[in-house]
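Asks: Here's a structure for you.
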Amino acid sequence: MKKVIIIGATSGIGRALAKTYASHGYEVGVVGRRAALLESLASELQTKTYQLILDITETDNTIHSIDKLIQAMSGIDLMIISAGTGYLNDDLDWNKEKETIDTNVSGFCAIAGRAVQYFMKKGSGHLAGISSVAGIRGSGVAPAYNASKAFMSNYMEGLRVKISKRDLPIVITDVQPGFVNTAMARGDKIFWMSSPQKAAEQIYKAIQKKKKKAYITKRWAIIALLFRILPDCLYQRL
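Be aware that the sequence shown starts at 1, since it is given in my numbering, and climbs by one per residue.
Here it is as structure tokens:
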């Protein structure tokens, strides 16, 4: 039986992913900050489930706790990091910027690095991180959020390069969603909104295909391309 740990499983994409993987027969380790939501999720999953209450901004404890969870599950095949936060922060409130960086950069980096260490020792495995198409360009109203998502994508590429030099069957998938109907979807320019379940199903298929990068939903690849080629003078008017 395959085994997966999903970080940030209490709501949104992470919760939908937990249900998707359970429906495909995976043993699932669900990780999140809110105990009640973890318990309610576990009660809905028709498979063996492990729960871990964790604040990933506490990085030392996070690494230790993830190690213990992997041991409790007798090893894993897949780690999905879906935890994240962000704000529309036009006033550059430092507390909001810091929370975003602590979660999306420090917390992500601690877990992703530890997962790759584990998979290299094991000799195989798969890491998937939920970044965003927002990481392609900077944002005047959510600067830390977009920058943190760019970090995630860049860090995963670096891990992929590291693994390639060792010729090991370890896959890194950078999942870049557009708008998904979660608490993270804020602002007045929202379009092409996906449900969490539809996003989870497409993410599952992308991971099964061992893709290096996946846009969710697929048509967001068009927006990603436009972001990359749009001149600064036009992008800044958006």
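Glycine included, every Cβ here is placed at the ideal spot set by N, Cα and C.
(1) Which residues does DSSP list as the beta-bridge partners of Ala-214?
(2) Could you give the residue range of the beta strand (DSSP E) that holds Met-73?
(3) Quick one: using the 10 Å Cβ neighbour count with 16 as the cut-off for buried, is His-24 buried or exposed?
(4) First and last residue of the beta strand (DSSP E) that includes Glu-58?
(5) Suppose you measure from the CA of Lys-26 to the CA of Tyr-50; what does that come to, to the nearest Å?
(6) Who are the Cβ neighbours of Ala-214 in its own chain at under 6 angstroms, not counting the five residues just before and after it?
(7) Taking a contact to mean a Cβ-Cβ separation below 7 angstroms, would you say Lys-211 touches Thr-173 in this structure?
(8) Would you check if the region 152–168 and the region 126–134 touch, i.e. whether three or more CB-CB distances between them fall below 8 angstroms?
(9) Tell me where the alpha helix (DSSP H) around Lys-98 begins and ends.
(10) Could you spell out where the beta strand (DSSP E) holding Gly-125 opens and where it closes?
(11) Starting from Leu-37 and walking both ways along the alpha helix (DSSP H), at which residues does that stretch end?
(12) Locate the alpha helix (DSSP H) running through Gly-113, then write down its first and last residues.
(13) Using a threshold of 7 angstroms, state whether the C-beta atoms of Met-73 and Lys-122 are closer than that.
(14) Identify which residue in Gln-71, Trp-94, Ser-43, Gly-32 has its Cα closest to the Cα of Ala-22.
(15) Taking three-plus beta-carbon pairs below 8 angstroms as touching, is the region 188–204 in contact with the region 135–148?
(16) Would you check if there are 3 or more beta carbon pairs closer than 8 angstroms linking the region 140–153 to the region 81–97?
(17) With C-beta atoms as the reference, is Ile-63 less than 7 angstroms away from Arg-15?
(18) Going by C-alpha distance, which of Ile-6, Leu-168, Lys-19 is nearest Met-120?
(19) Which residue comes first and which comes last in the beta strand (DSSP E) that contains Leu-230?
(20) Measure the alpha-carbon distance for Arg-219 versus Ser-40 and round it to whole angstroms.
(21) With a CB to CB cut of under 6 angstroms and the five nearest residues on each side skipped, what residues in its chain are close to Ala-83?
(22) Looking only at C-alpha atoms, which of Phe-108, Ile-101, Leu-226, Ile-80 sits nearest to Tyr-204?
Replies: So, from the listed chains and residues:
(1) Val-175, per the DSSP bridge assignment.
(2) First-last for Met-73: undefined, no H or E at that position.
(3) With fewer than 16 other Cβ atoms inside 10 Å of its own Cβ, His-24 counts as exposed.
(4) Where Glu-58 is concerned, there is no enclosing beta strand (DSSP E), because DSSP gives it neither an H nor an E.
(5) Residue 26 is actually Tyr in this sequence, not Lys. A direct Cα-Cα distance of roughly 12 angstroms separates Tyr-26 from Tyr-50.
(6) Closer than 6 angstroms at Cβ, skipping near neighbours: Val-175, Ala-206.
(7) With respect to the 7 angstroms criterion, Lys-211 and Thr-173 are classified as neighbours on the basis of their beta carbons.
(8) Touching, per the Cβ criterion.
(9) Residues 94–101.
(10) Membership of Gly-125 in the beta strand (DSSP E) is indicated by the continuous run 125–130.
(11) Counting along the chain, the alpha helix (DSSP H) containing Leu-37 begins and ends at 35–44.
(12) From DSSP, the alpha helix (DSSP H) with Gly-113 extends over 108–122.
(13) At a Cβ-Cβ threshold of 7 angstroms, Met-73 and Lys-122 do not count as neighbours.
(14) Closest option to Ala-22, Cα to Cα, is Ser-43.
(15) Put simply, the region 188–204 does not touch the region 135–148. Fewer than three CB pairs are less than 8 angstroms apart.
(16) A contact exists between the region 140–153 and the region 81–97.
(17) In this structure, Ile-63 sits away from Arg-15, with a CB-CB distance that is not shorter than 7 angstroms.
(18) Here the closest residue by C-alpha is Leu-168.
(19) Taken as a continuous stretch (DSSP letters only), Leu-230 belongs to no beta strand (DSSP E), as it is neither H nor E.
(20) Going from the Cα of Arg-219 to the Cα of Ser-40 covers about 33 angstroms.
(21) These residues qualify, in order along the chain: Ile-7, Gly-8, Ile-56.
(22) The shortest C-alpha separation from Tyr-204 is found at Ile-80.
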